[in-house]
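Residue numbers are given in this note's numbering: position 68 of the sequence shown equals residue 130, and the series is strictly consecutive. Backbone N, C-alpha and C define an ideal beta-carbon position, used for all residues, glycine too. Before any comments, here is the structure.
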Amino acid sequence: MNAVIITDNALNMRHGTGAQNLRTFIGSGIDFVHFYIHGDFAPSDYERSFLMKDSETHRGSSKFGRFTERLSYRAGFRWSVSNAPVLSRRKFQRTLHDLQFKPDVAYIIASSESAALLISGLLLHLNLPYVVHIMDIAEENGLIPGEMRGFTRLLQGAHSVLCITPNIQDEVRKFGIEKTSLVLIGQEPGEYETLPPDSGGPVRVIMVGNPYRAGMELLSRSLDEIRGLGFPVELSYMGAAYERLPEALKPSVHNLGLVDNDSYQRNIVRSHIAYLCGPSTHDNAARFAFPSRTSDYLMAGLPVLACVVPGSATERILSPLSPESVRFVHTTEDITAGIQDFAQKSRWQTASRKARQFALAEMHLTEVRKKILAKLIEAKVASRQANITA
Numbered sequence: 063m064n065a066v067i068i069t070d071n072a073l074n075m076r077h078g079t080g081a082q083n084l085r086t087f088i089g090s091g092i093d094f095v096h097f098y099i100h101g102d103f104a105p106s107d108y109e110r111s112f113l114m115k116d117s118e119t120h121r122g123s124s125k126f127g128r129f130t131e132r133l134s135y136r137a138g139f140r141w142s143v144s145n146a147p148v149l150s151r152r153k154f155q156r157t158l159h160d161l162q163f164k165p166d167v168a169y170i171i172a173s174s175e176s177a178a179l180l181i182s183g184l185l186l187h188l189n190l191p192y193v194v195h196i197m198d199i200a201e202e203n204g205l206i207p208g209e210m211r212g213f214t215r216l217l218q219g220a221h222s223v224l225c226i227t228p229n230i231q232d233e234v235r236k237f238g239i240e241k242t243s244l245v246l247i248g249q250e251p252g253e254y255e256t257l258p259p260d261s262g263g264p265v266r267v268i269m270v271g272n273p274y275r276a277g278m279e280l281l282s283r284s285l286d287e288i289r290g291l292g293f294p295v296e297l298s299y300m301g302a303a304y305e306r307l308p309e310a311l312k313p314s315v316h317n318l319g320l321v322d323n324d325s326y327q328r329n330i331v332r333s334h335i336a337y338l339c340g341p342s343t344h345d346n347a348a349r350f351a352f353p354s355r356t357s358d359y360l361m362a363g364l365p366v367l368a369c370v371v372p373g374s375a376t377e378r379i380l381s382p383l384s385p386e387s388v389r390f391v392h393t394t395e396d397i398t399a400g401i402q403d404f405a406q407k408s409r410w411q412t413a414s415r416k417a418r419q420f421a422l423a424e425m426h427l428t429e430v431r432k433k434i435l436a437k438l439i440e441a442k443v444a445s446r447q448a449n450i451t452a
């Protein structure tokens, strides 16, 4: 099966959505070509990725300029939204022709109304069945059907809609789409074994990636109580943002820095507890996103202390693991109680086993890939049957 993938951003291993899709499609048996709208974050790591950007454009200042822009949008030749990139249908089709690539189906990722508007306009003229996967929502007020023509058209024209969190599913249902599939982040099981804390040895707590301010400040306020637990606790941070940690916390946290994938996995499995410091404030990250590092923790079998907003997408996904493998923390007492709980070998072993079981059932890359490919195949078959009937 041949698929064309159209996304907001590049497929890059340093970006959560990009890494997810590279893992999913490379080695899947599907031949694919990728097009993306924005290249500001990082270039694509995939050879057959193409930036669908002819130039930067502004809306015409004259009445005639605005009229011709609307006309070209409706004709499907090119689209622009204020200062957004210009997409060219001809460029898109020319690229496929030059590659001698004939797609059977399209896989779409859009997180903003501007991207949905651009992509849905393009799809109107491609005559391809497609599956939409909403992995994030970059709109401050969520999805609003009456005000978002792009998402309305994109979602209602899709064969299937996949969502990465239940909160995103709730947003999609506003458009009258009841049948959505929850597809979490896909992750390969690690090669290394996680071991429980040694009796008398240090309990190692690890933090990775974005140091959400509220969660880190809570940990900083907990330092005195952590030191009074009666056993050594080592705190480590892994990522590129150590300097953003609270000043009072930095001297107590070992900076592992930004490391390669093998070192990343080794640092995870030599730890005993993961501290998920957010999303810990009421914003889009809390409402809709699920930090990809969480799947790393669970797949490694690490119990998690999670400082996340009540009702957030992350809390809803992790709730089935609470309190056995995940403890939600909002006070300094919660943090010290959680460390003390998971420091016990028998408790740690139970928590670790259940965390990994959950990850293998819900986040195993093979299973996630199966779910996505099944929807793409369904879309292709349904389109073929519709063409035969017609």
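For R389, no alpha helix (DSSP H) run applies; the uninterrupted beta strand (DSSP E) run containing it begins and ends at 388 to 390, by DSSP.
Taking C-beta atoms as the reference points, H96 and R110 count as a pair closer than 8 angstroms. Annotation: the continuous alpha helix (DSSP H) that includes D324 extends over 323 to 331. By the Cβ criterion, the segment 189 to 197 is in contact with the segment 219 to 233, since at least three pairs of Cβ atoms, one from each stretch, lie closer than 8 angstroms. Beyond the five residues adjoining it in sequence on each side, E377 comes within less than 8 angstroms, by CB distance, of A368, V370, V371, F390 in the same chain, given in chain order. With a cutoff of 8 angstroms on beta-carbon distance, V265 and A413 are scored as not near each other. Using a Cβ distance threshold of 8 angstroms, L364 and M63 do not count as a contacting pair. If you compare the alpha carbons of D358, S333, Y337, L285 with that of P313, the shortest gap goes to L285. Counting along the chain, no beta strand (DSSP E) covers A172, and no H or E run does either. Burial of G80 is indicated by the presence of at least 16 other C-beta atoms within 10 angstroms of its C-beta.
Taking one beta carbon from each stretch, the segment 233 to 250 and the segment 419 to 426 have 3 or more pairs nearer than 8 angstroms; the two touch. L285: member of the alpha helix (DSSP H) spanning 285 to 289, first to last residue. Going by DSSP, M361 is part of the alpha helix (DSSP H) stretching over 354 to 362. The Cβ atoms of L180 and I99 lie closer than 8 angstroms to each other. It is roughly 46 angstroms from the alpha-carbon of A172 to the alpha-carbon of R289. Between the segment 233 to 244 and the segment 206 to 217 there are three or more inter-stretch CB-CB distances shorter than 8 angstroms, so the stretches are counted as touching.
According to the DSSP assignment, G400 belongs to the alpha helix (DSSP H) that extends over 394 to 404. Residue ranges of uninterrupted alpha helix (DSSP H) with 4 or more members, entirely inside the segment 238 to 299 and ordered along the chain, are 275 to 283, 285 to 289. Excluding five sequence positions before and after K164, the CB atoms of its chain that fall closer than 8 angstroms to its own CB belong to N64, L158, given in chain order. Of the candidates A178, S261, L184, the residue whose Cα lies closest to the Cα of E209 is A178.
In the three-state reduction of the DSSP assignment, H159 falls in the helix class, which pools H, G and I. By the criterion of a C-beta distance shorter than 7 angstroms, R283 is surrounded in its chain by T394, once the five residues flanking it on both sides are discounted. In terms of Cα proximity to R355, the closest of I230, A336, D345 is A336.
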